[in-house]
Amino acid sequence: MLLLVLLAAATVITLGYKDPTKKVVDALKRGANDVVAPLDSGVSSALRPVGNFIEGVIHYGSLQSQNAQLLAENTRLRTAALQAQDQARQVAQLKRQLGLGGTIPRVAADVVGASTSNFAQTVRIDRGLSSGVAVGMTVVSGDALVGQVVQAWRSGASVLLITDPSSNVGVRLGQAGGAYGVAVGQGAGEPLAVTMVSPNAKVSRGQPVDTSGLPNAAFPPDVLVGTVRSARLSPTSSQWSVTVDPVADLGRLQYVTVLEWSPQG
Amino acid sequence: MTPLARVRLPLLVLAVVVAQHSLLDGWRVGGAHPDALLVLVLALGLSTGPREGAAAGFALGLVADLFVDTQFGLSALAYGLAGLGAGLFAGTAVRSSWWLAAVLAAFASAWATLVFAAAGDLVGEGGLLHHDLAVVATVVSAGSAVLVGPALRAARWALAERQGHPAGGLR
Chain Y
1 MLLLVLLAAA TVITLGYKDP TKKVVDALKR GANDVVAPLD SGVSSALRPV GNFIEGVIHY
61 GSLQSQNAQL LAENTRLRTA ALQAQDQARQ VAQLKRQLGL GGTIPRVAAD VVGASTSNFA
121 QTVRIDRGLS SGVAVGMTVV SGDALVGQVV QAWRSGASVL LITDPSSNVG VRLGQAGGAY
181 GVAVGQGAGE PLAVTMVSPN AKVSRGQPVD TSGLPNAAFP PDVLVGTVRS ARLSPTSSQW
241 SVTVDPVADL GRLQYVTVLE WSPQG
Chain L
1001 MTPLARVRLP LLVLAVVVAQ HSLLDGWRVG GAHPDALLVL VLALGLSTGP REGAAAGFAL
1061 GLVADLFVDT QFGLSALAYG LAGLGAGLFA GTAVRSSWWL AAVLAAFASA WATLVFAAAG
1121 DLVGEGGLLH HDLAVVATVV SAGSAVLVGP ALRAARWALA ERQGHPAGGL R
C-alpha cells in the first residue's frame, strides 16, 4: 500500500509538469475555486458579525485609544490627500504637455482570504477573470507593490506576496540611474533580501526601492517596493548584502489594486 | 461504501473545504493555521483501516491540491501517507479513547507536514524547507489534536456507520 501511494503520487506529480496535463489541472483548479468561492463568501459574510463582535469585546480598551489615533490620522491624511490631488493634476497636465500617456488600467479588489497552504504567502482577492484579472498581473496596495497574480478563476484570484520565498522582483535602488538587483522574499514579516547589487553602487539606509522595469521584467517600472533596512559590503564580497522593508502592510491587507499589465505587455 | 456514504462523504468534504477557507485560514498562530482536510483524512483512516485511509488520503490530497499553488500531487502524497499511517492504528481502542486519537493525529500531522515540505523541496518548490517549518508542523499538529474528536464523529456519520460497528471500509 505504501508503494502504491508513492507510485501514484510520483505519477501525478510528474504528469503535472507536462503541458497537456498541466492545462487540465489548471482548468480543474479554476473550476474548484469557482464552486467553492461563492460558498466561502456566503459563510464568511454570515460569520463576520459574530467574529467582529467577539473581537470588539476582547479588544474594547485598545479600540478606544485606536479610535482616537485614527481620528487624528484621518485629519492628517485628508490634508495629504488634497495635496496629492493637486500634485496629480499637475503631473497629468505635464504628461499631456510632454506627450507621455499610457497609464495602466486598474481593477480594485477586496482581499477575501489568506493562503490555504501553510507553505505559500498568498492572499485571495474577489476579482478574477470576469473582471479582467489574469495570471501575471501586478498587484499593489496604494502605490506599493504587493505581489503578482498566480492563479485566476471566474470570480477571484490568488496573489503571491513579495515576501514568499519563491518571489523574485527585479528592483532599482534609489532614483533613476540607481543600482539594480533582485529582491527575494524570506517569509512573512521578514524583510526582502536584495541580491546581485554591484559593489560599485551607492546604497544607503532608508533609500527607496522601486521595480526596475528592465526589458522582460515581470513587473511594470517604478512601482514602489520598499525602503532599504540594512546594507553591508564586506571587503571580500563581490556584491552588496541588502535587506528591504516592504512599504505595503502585507500582514493586514484589506483592499488592493490589480494593474492590468502583464510581462508580455 | 454504502449508497448513503456516497452522498454524505462528498458533502462532508465540501463542508470541510469551505470551513477551511472561511474560518481556519484566518486562525493563524505564527503565520500557520490548522489543516481541516488533513484532520478529516486522519479521522477516516482511524475509522476504517490502512488501505481505505491511504485511498481517502490520496483522494482528499488531490482535492487539497486544487486550492494551493504548490506542485499538484504533493498534498496527495502527504495525505496518502498520513491516511495510511492513521489506518494502521484503526480499531476500537483508538476510537474509544479520545486522547490516544489526539496524540496519533498530532504525530501523523507533523509527519505529513514534513513529508510535504521535503517532497516539495525534492521536486523544486523553493522555500518549503524554510525556517518556519517547525512552527507550521507544531500548529498543524495542535490543530489536528483538537479537531480529530469532532472529525471522528463526522467521519462516522459520513460513512453511515452505526455506533459500535465497523465502517466496512471505503471500498
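Protein chains in written order, with the numbering used here: chain Y, 1 to 265; chain L, 1001 to 1171.
Heads up, the beta-carbon is just placed ideally off N, CA and C, and yes, glycines get one too.
(message) Report the CB separation of L/A1078 from L/V1115 in whole angstroms; it is logged as a contact under 8 Å.
(response) Your pair L/A1078 and L/V1115 checks out as a contact, with CB atoms roughly 5 Å apart and the cut at 8 Å.
(request) Taking 8 Å as the threshold, find out whether the segment 184-198 of chain Y comes into contact with the segment 130-144 of chain Y through three or more Cβ pairs. (result) By the criterion of at least three beta-carbon pairs nearer than 8 Å, the segment 184-198 of chain Y is not in contact with the segment 130-144 of chain Y.
(request) Return the Cβ separation of Y/R225 and Y/I162 in integer angstroms, given the expectation that the two are a contact with Cβ distance under 8 Å. (result) Reading the sequence as shown, one finds Val at residue 225 of chain Y and not Arg. Between Y/V225 and Y/I162, the beta carbon gap of about 7 Å places them in contact (Cβ cut-off 8 Å).
(message) Just to make sure I have the definition right: I need the residues of chain L whose C-beta is within less than 7 Å of the C-beta of Y/P165. Which are they?
(response) Annotation: Cβ neighbours of Y/P165 in chain L (cutoff 7 Å, chain order): G1126, G1127 and H1130.
(request) Express the C-alpha separation of Y/P49 and L/A1142 in angstroms, rounding to a whole number. (result) Within the model, the alpha-carbon separation for L/A1142 versus Y/P49 is close to 27 Å.
(request) Could you check which residue in L/F1072, L/G1049 and L/V1136 has the C-alpha nearest to that of L/W1027? (result) Out of L/F1072, L/G1049 and L/V1136, the CA that lies nearest to the CA of L/W1027 is found in L/V1136.
(request) Output yes if chain Y places a C-beta closer than 8 Å to the C-beta of L/P1050; else output no. (result) With a threshold of 8 Å between beta carbons, L/P1050 makes contact with chain Y.
(request) Ignore the nearest five residues each way along the sequence and tell me which others in L/A1119's own chain have a CB closer than 6 Å to its CB. (result) Cβ neighbours of L/A1119 within its own chain (closer than 6 Å, five residues either side excluded): L1074 and L1077.
(request) Using three-state DSSP, classify L/L1170 as helix, strand or coil. (result) Note on L/L1170: pLDDT 48, under 50, position unreliable in the model; no value is reported.
(request) Report the residues of the segment 1060-1071 of chain L with a CB closer than 9 Å to any CB of chain Y, ordered along the chain. (result) Of all residues in the segment 1060-1071 of chain L, those with a C-beta nearer than 9 Å to a C-beta of chain Y are G1061, L1062, V1063, A1064, D1065, L1066, F1067, V1068, D1069, T1070 and Q1071, reading in chain order.
(message) Just verifying my parser: in three-state terms, what is the DSSP assignment at L/P1034?
(response) L/P1034 falls in the coil class under three-state DSSP.
(request) Given a cut-off of 8 Å, decide if L/A1117 and L/L1129 are closer than it, judged by their beta-carbon atoms. (result) Yes, they are a contact pair.
(message) Can you list, in chain order, the residues of its chain with a C-beta nearer than 8 Å to that of Y/Y255? Leave out the 5 residues immediately preceding and following it.
(response) A108, A109, D110, V111 and S141.
(request) Could you give the DSSP three-state label for Y/I162: helix, strand or coil? (result) Coil at Y/I162, not helix or strand.
(message) Taking its Cβ as the centre, do 16 or more other Cβ atoms sit within 10 Å of Y/W153, making it buried, or is it exposed?
(response) Classification of Y/W153: buried, given that the 10 Å Cβ count is 16 or more.
(message) So if I threshold CB-CB distances at 8 Å, which residues from the segment 135-168 of chain Y count as touching chain L?
(response) Listed by position along the chain: V150, Q151, S158, L160, D164, P165 and S166.
(request) Hey, could you find the ends of the alpha helix (DSSP H) L/Q1020 is sitting in? (result) Start and end: P1003 to S1022.
(message) Quick check on L/V1029: buried or exposed, where buried means 16 or more other Cβ atoms within 10 Å of its Cβ?
(response) Exposed, since its Cβ has fewer than 16 Cβ neighbours within 10 Å.
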